[in-house]
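The sequence shown runs contiguously to residue 1413 in my numbering.
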Amino acid sequence: SPTAGHETIVRWLSQNFNKVVVWASDNPFKSHQTSLEQRSTMLSILIENIDSNQNNIFVHQELSSRRTLETVELAIKKWDDAEFTLVVGSDLVKQLPNWYQVKELLQKVELLIVPRKGITTEKTDLQKLKELNTGVKIASLEVPNVSSSAYREQGDEMTITPPIKDYIYQQKLYQWQK
């Protein structure tokens, strides 16, 4: 589920890039507690509620794929004159080299890694990525290490935005809700 951390990242991206395109997808490396459709709806709610005067943040759910390479290829077809930067949290750096056709993927995009508080990115993991692609950068913001599981498991309301909380309650998405 999208968190307050995602909101911080998207807002920062909107101030540093011409266009920010987001989508919800299934991560083949983890099991999801909510459906792709529910996460996509929550993402749209999150984006609608970001107070950005840039007006450059867009949800394009039709780009969603379990394979990021397929998403990037769809984006290239849609915006063929654009340069692409794939943004990932530092928590994904370790698994990135195992992604589907990662070498081909990283030739099509620059990679921007967003540091997450409390998650150390090992130099060896970064080195592996740099060997696959020279365009690896670390974002100049640090996001609190919040995850939707902290909300799901402990009801920690600091991890999600109020509009997302409302949606979760309306839909009764988590078991502890009555």
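C-beta: ideal position from N, C-alpha, C; glycine also.
Nearest neighbour of residue i, chosen from the options [CA to CA]
i            : options                : result
residue 1344 : 1328, 1294, 1317       : 1317
residue 1333 : 1367, 1374, 1279       : 1367
residue 1306 : 1329, 1246, 1337, 1407 : 1337
residue 1395 : 1278, 1264, 1256, 1248 : 1278
Residue i (DSSP reduced to helix, strand or coil)
i            : result
residue 1240 : helix
residue 1351 : strand
residue 1376 : coil
residue 1345 : strand
residue 1405 : helix
residue 1263 : coil
residue 1365 : helix
residue 1312 : helix
Per DSSP, cross-strand counterpart(s) of residue i
i            : result
residue 1280 : Answer is none; residue 1280 lacks a bridge partner.
residue 1322 : 1347
residue 1293 : 1256
residue 1371 : 1346
Span separating the alpha-carbon of residue i from that of residue j
i            : j            : result
residue 1286 : residue 1261 : 27 Å
residue 1413 : residue 1401 : Caution applies to residue 1413, whose pLDDT of 48 falls short of 50 and renders its modelled position unreliable; the model cannot decide the point.
residue 1252 : residue 1324 : 17 Å
residue 1320 : residue 1237 : 20 Å
residue 1406 : residue 1294 : 21 Å
Buried versus exposed, by CB contacts within 10 Å (16 or more), residue i
i            : result
residue 1258 : buried
residue 1266 : exposed
residue 1274 : buried
residue 1276 : buried
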